[in-house]
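Reviewing the structure listed below.
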Amino acid sequence: MKKSNLYQKIYYLTKKIPRGKVATYGQIAALCGSPRAARIVGYALHIIPENSQIPWQRVINRQGIISTTCFEHPPTLQADILKSEGVEVNNHKGVFQIDLKKYLWRP
DNA sequence: AAGGTGACTAACA
DNA sequence: ATGTTAGCCACCT
Numbered sequence: 000m001k002k003s004n005l006y007q008k009i010y011y012l013t014k015k016i017p018r019g020k021v022a023t024y025g026q027i028a029a030l031c032g033s034p035r036a037a038r039i040v041g042y043a044l045h046i047i048p049e050n051s052q053i054p055w056q057r058v059i060n061r062q063g064i065i066s067t068t069c070f071e072h073p074p075t076l077q078a079d080i081l082k083s084e085g086v087e088v089n090n091h092k093g094v095f096q097i098d099l100k101k102y103l104w105r106p
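So that you can map any letter, position 52 of the first sequence is 51 in numbering that gives the first Met the number 0, and since no number is skipped, the others follow by simple counting.
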């Protein structure tokens, strides 16, 4: 069950992202104390347990773009959930983008 | 055990 | 501005 301390931190911090806000992979990594572990954050969310209660949809890349490739969690679904939480998601020709100036979580 | 991979970034050309 | 390159580091095979 227990993966690694880093993963636990990632999941813990992701849960702290408030509704209506988003965070970037690098941001989560930095809060974990590993500023260079952005890719690990992505991987951690990729293998996220289904019943984990973790708001994976609130984590996006540095450009404010939804970058999931996971078949179980497609960008369309992520965009829908975010919109339902009050986050503006611009569908720019199949690329879902969010205004980080407005919606980036600032701890 | 060792090499490959990726829901990333920042730095260059 | 857009495309390419190189670091990154825990997990997977």
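No residue lacks a Cβ here, since even glycine has one placed at the ideal position from N, Cα and C. Values in this document were obtained by computation on a predicted structure and should not be read as measured data.
ask   = Is the segment 85-102 touching the segment 53-65, taking contact as three or more C-beta pairs under 8 angstroms?
value = With a cut-off of 8 angstroms, the segment 53-65 and the segment 85-102 count as touching, because enough Cβ pairs lie within range.
Where residue 85 falls, given that 16 or more other Cβ within 10 Å makes a residue buried = Counting from 1 along the first sequence, the entry for residue 85 is found at position 86. Taking every protein chain shown into account, the CB of residue 85 has fewer than 16 other CB atoms within 10 angstroms, so this residue is exposed.
Best match in 99, 49, 98, 88 for proximity to residue 69 [C-alpha to C-alpha] = What you label residue 69 is simply residue 70 of the first sequence in a count that begins at 1. For residue 69, the closest of 99, 49, 98, 88 by C-alpha to C-alpha distance is 49.
ask   = How many Å lie between residue 44 and residue 4 at the Cα?
value = Position 45 of the first sequence, counted from the start, is the residue given in the question as residue 44. Position 5 of the first sequence, counted from the start, is the residue given in the question as residue 4. Rounded to whole angstroms, residue 44 and residue 4 show a C-alpha spacing of 15 angstroms.
Close Cβ partners of residue 7 (< 6 angstroms) along its chain, the five nearest in sequence each way excluded = Walking along the first sequence from the start, residue 7 turns up at place 8. Nothing listed; no residue qualifies.
ask   = Is any heavy atom in the ligand MN found nearer than 7 angstroms to the beta carbon of residue 30?
value = Although the ligand MN was asked about, the structure shown includes no ligands whatsoever.
query = Straight-line CA distance for residue 34 to residue 87?
reply = For this step, residue 34 is matched to residue 35 along the first sequence. For this step, residue 87 is matched to residue 88 along the first sequence. Near 27 angstroms, if we compare the C-alpha coordinates of residue 87 and residue 34.
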